[in-house]
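Visitor: Dropping the structure in here first, questions after.
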Amino acid sequence: MKTYRINKNAARLAQGTGFAPELIYNISLVRFQGRNGRCIAAWTPGMKRPRYVYKAHTPEEYDKAMERIRQEAERFRRHDEAVARSSEEFRRSLRVGDILYSSWGWEQTNIDFYQVIAIRGSAVDLRQLDQRTTEDGYMCGTTVPLPGVFKGKTHTHRRSKNYIRIDSCRTAWKWDGQPLRCSWYG
């Protein structure tokens, strides 16, 4: 699970107000007294400016704003847990022989298939597969891999989260066995 620290911009604001910053899961929170009421400024990780700013004129408004922030922090926590679970599931379930796919392209959908050749720790050897494409419209159709029919040589990649990064524009995910939509132009 990730660990979070107080956002440096929240700490800077807190120094000026005399109030200590708080951390509610990943949200850095500064409560302070403004001219016209109590204020809350909250940052999420990496933000320079507050993601949430509330000015509360009544105690009810203040409680409502704090509840919104707590709900948002809980939503972030649930999301992080779901990502961690799916990442762990992907790592445990990846086997030699599994087929991965990558869908990428600009103004067209390119599909590449890869077969897992070897797994060594967090390193995975992949080899690109040939594919069969069935045209069912104007320059579009469905495609499926041809297992064991390789093109190109073996490349080593690292497992990260629930995918494998092929290069700067391609990410490979586990293929579910269904034909994938593709398109081409030119």
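Start counting the sequence shown at 1; every next residue gets the next number (the UniProt record's numbering). Virtual Cβ for every residue (Gly too), placed ideally from N, Cα, C.
Among Asp130, Lys174, Glu107, which residue has its Cα nearest to the Cα of Lys153?
Guide: Residue Asp130 is the option with its Cα nearest to Lys153.
Visitor: Within this structure, are the beta carbons of Val96 and Ile117 separated by less than 9 Å?
Guide: Going by C-beta atoms, Val96 is nearer than 9 Å to Ile117.
Visitor: As a quick exercise: from Arg127, Ile111, Ala42, pick the residue whose alpha carbon is nearest that of Cys182.
Guide: The shortest Cα separation from Cys182 among Arg127, Ile111, Ala42 belongs to Ile111.
Visitor: Taking buried to mean at least 16 other C-beta atoms within 10 Å of its own C-beta, is Gln115 buried or exposed?
Guide: So Gln115 counts as buried.
Visitor: Could you tell me whether the Cβ atoms of Ser87 and Asn162 are closer together than 9 Å?
Guide: Yes. Within cutoff.
Visitor: Measuring CA to CA, which of Arg77, Ile27, Gln128 is closest to Arg170?
Guide: Here the closest residue by C-alpha is Gln128.
Visitor: Measure from the alpha carbon of Lys2 to the alpha carbon of each residue in Glu72, Val83, Gly37, Arg70, then state which is nearest.
Guide: Here the closest residue by C-alpha is Val83.
Visitor: What is the DSSP secondary structure of Gly178, counted as helix, strand or coil?
Guide: Gly is not the amino acid found at residue 178; the sequence shown has Gln there. Gln178: coil per DSSP, three-state reduction.
Visitor: Where does Gly152 fall in DSSP's three states?
Guide: Three-state DSSP puts Gly152 in coil, outside helix and strand.
Visitor: Taking the C-alpha atoms as reference points, what is the distance between Asp176 and Pro147?
Guide: Each residue's Cα considered, the two are about 14 Å apart.
Visitor: Between the alpha carbons of Tyr185 and Ser168, how many angstroms are there, rounded?
Guide: Taking the straight line joining both Cα atoms gives about 22 Å.
Visitor: Which complete beta strand (DSSP E) runs does the region 24 to 73 hold, if anything under 3 residues is left out?
Guide: Counting whole runs of 3 or more residues, the region 24 to 73 contains the beta strand (DSSP E) stretches 27 to 34, 37 to 43, 52 to 56.
Visitor: Among Ile6, Leu180, Ser160, which residue has its Cα nearest to the Cα of Arg91?
Guide: Of the candidates Ile6, Leu180, Ser160, the one whose C-alpha sits nearest the C-alpha of Arg91 is Ser160.
Visitor: Below 9 Å between beta carbons: does that hold for Ala73 and Ile40?
Guide: Contact: no.
Visitor: Quick one: grab the DSSP three-state call for Phe19.
Guide: In the structure shown, Phe19 sits in coil (DSSP, three-state: anything other than H, G, I, E or B).
Visitor: Of the residues Ala14, Asp125, Arg51, which one's Cα is nearest the Cα of Arg68?
Guide: Per the Cα distances, Arg51.
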